[in-house]
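Residue numbers (full-length UniProt numbering): 1 to 252. All C-beta atoms in this analysis are idealised placements derived from N, C-alpha and C, irrespective of residue type, glycine included. First the structure, in the form of structure tokens, and then the observations on it.
Following this line, the structure appears as structure tokens:
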């Protein structure tokens with residue numbers, strides 16, 4: 001008797017006729033942390049002080065709603081992460097972008113060198129950063145309490161990237177963190193990014209719909225929702241290097 005093979009279920013994309021194989025979100029992962037209390041200061045995003053108007057000009061209002069900005073006041077958190085990066089050149093890899101379902105290197109779009117930290121990475125520099133990041137996230141969720149209390153469980157379950165941009169480098173085109181139902185992007189809830197050094201000659205992060213460019217300051221940590229409403233890009237500095245930590249909080 002011929003055995004029946006079990007077919008993998010597919011979900012039909014309504015209105016388009018396409019079929020998509022359902023993929024489960026990544027499982028929760030134990031996260032490294034330390035028992036340390038950092039001084040975290042909320043940074044008002046004020047035009048001419050901590051941000052400037054974006055490329056849409058004066059006719060489009062500047063908005064920072066649903067964006068959080070917090071300063072990790074201990075500079076050693078950033079300095080130690082940079083030392084991790086510089087101490088392991090063999091781990092450096094070129095930054096990639098997604099195109100046609102593949103990860104490719106395209107330096108016209110994104111020019112960077114990167115290393116990754118898994119949530120349970122044993123390095124103490126990472127554990128200190130995660131602890132400081134948690135302490136930035138708490139006031140964000142107090143301000144936008146539905147981000148924490150209305151939605152399902154979420155946390156740090158995917159790699160976080162330390163990215164180095166040379167002068168002229170950056171992620172130069174507008175992009176977003178979640179654009180389809182494919183993992184790992186589909187389960188992303190919030191985005192975080194920490195500037196690891198000051199950049200004074202351009203080098204900011206521009207959010208399109210908000211018409212705002214955030215000024216990079218060492219220790220400044222941004223948190224924002226992961227969807228198309230926060231299309232953003234890096235503004236390349238022609239003369240200065242830039243280093244950031246960036247990653248996502250995913251639904252469990």
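Please determine whether the Cβ atom of residue i lies at a distance below 6 Å from any heavy atom of the ligand FMN.
i           : result
residue 166 : This structure lacks the ligand FMN, and indeed carries no ligand of any kind.
Compute the Euclidean distance between the alpha carbons of residue i and residue j, then round it to the nearest angstrom.
i           : j           : result
residue 115 : residue 87  : 11 Å
residue 110 : residue 95  : 7 Å
residue 169 : residue 215 : 16 Å
residue 239 : residue 202 : 9 Å
residue 69  : residue 59  : 25 Å
residue 183 : residue 156 : 14 Å
residue 246 : residue 158 : 11 Å
residue 45  : residue 107 : 30 Å
residue 248 : residue 235 : 21 Å
residue 161 : residue 135 : 19 Å
residue 54  : residue 230 : 13 Å
residue 194 : residue 181 : 27 Å
residue 258 : residue 188 : Given a span of 1 to 252 for the chain in the structure shown, any question on residue 258 remains unanswerable.
residue 13  : residue 92  : At residue 13 the pLDDT is 39, less than 50, meaning the model places this residue with poor confidence; the figure from the coordinates comes in the next sentence. Answer to the nearest angstrom: the Cα atoms are 38 Å apart.
residue 37  : residue 80  : 17 Å
residue 185 : residue 129 : 23 Å
residue 143 : residue 67  : 10 Å
residue 204 : residue 153 : 32 Å
residue 97  : residue 56  : 25 Å
residue 41  : residue 90  : 35 Å
residue 123 : residue 252 : 24 Å
By Cβ distance below 6 Å, which residues in the same chain neighbour residue i in space, the five residues on each side in sequence not counted?
i           : result
residue 165 : 112, 242
residue 219 : 71, 72, 78
residue 141 : 147, 148
residue 191 : 177, 224, 226, 248
Let me confirm a value: residue i is counted as buried when at least 16 other C-beta atoms fall within 10 Å, else exposed. Which label applies?
i           : result
residue 125 : buried
residue 138 : exposed
residue 103 : exposed
residue 237 : buried
residue 127 : buried
residue 39  : exposed
residue 132 : buried
residue 151 : exposed
residue 35  : exposed
residue 48  : exposed
residue 250 : buried
Suppose the cutoff is 7 Å on Cβ atoms and the five residues either side in sequence are ignored; what does the same chain contact list for residue i look like?
i           : result
residue 121 : 32
residue 82  : 196, 243
residue 43  : 50, 69, 70, 71, 220
residue 167 : 237, 238, 239, 240, 241
residue 198 : 216, 217, 218
Looking only at DSSP bridge pairs, what is residue i linked to?
i           : result
residue 170 : 111
residue 94  : 113
residue 42  : 70
residue 102 : 99
residue 179 : The partner list for residue 179 (beta bridge, DSSP) is empty, contrary to what the question assumes.
residue 165 : 242
residue 51  : 47, 214
residue 154 : 251
residue 207 : 212, 232
Among residues of its own chain, excluding the 5 on either side of residue i, which ones have a beta-carbon nearer than 8 Å to its beta-carbon?
i           : result
residue 99  : 106
residue 75  : 218, 219
residue 172 : 108, 109, 110, 111, 233, 234, 236
Per the contact definition of three or more C-beta pairs closer than 8 Å, is the segment 62–76 in contact with the segment 208–220? yes
Across the segment 215–232 and the segment 170–183, are there enough close Cβ pairs to call them in contact, namely three or more that are closer than 8 Å? yes
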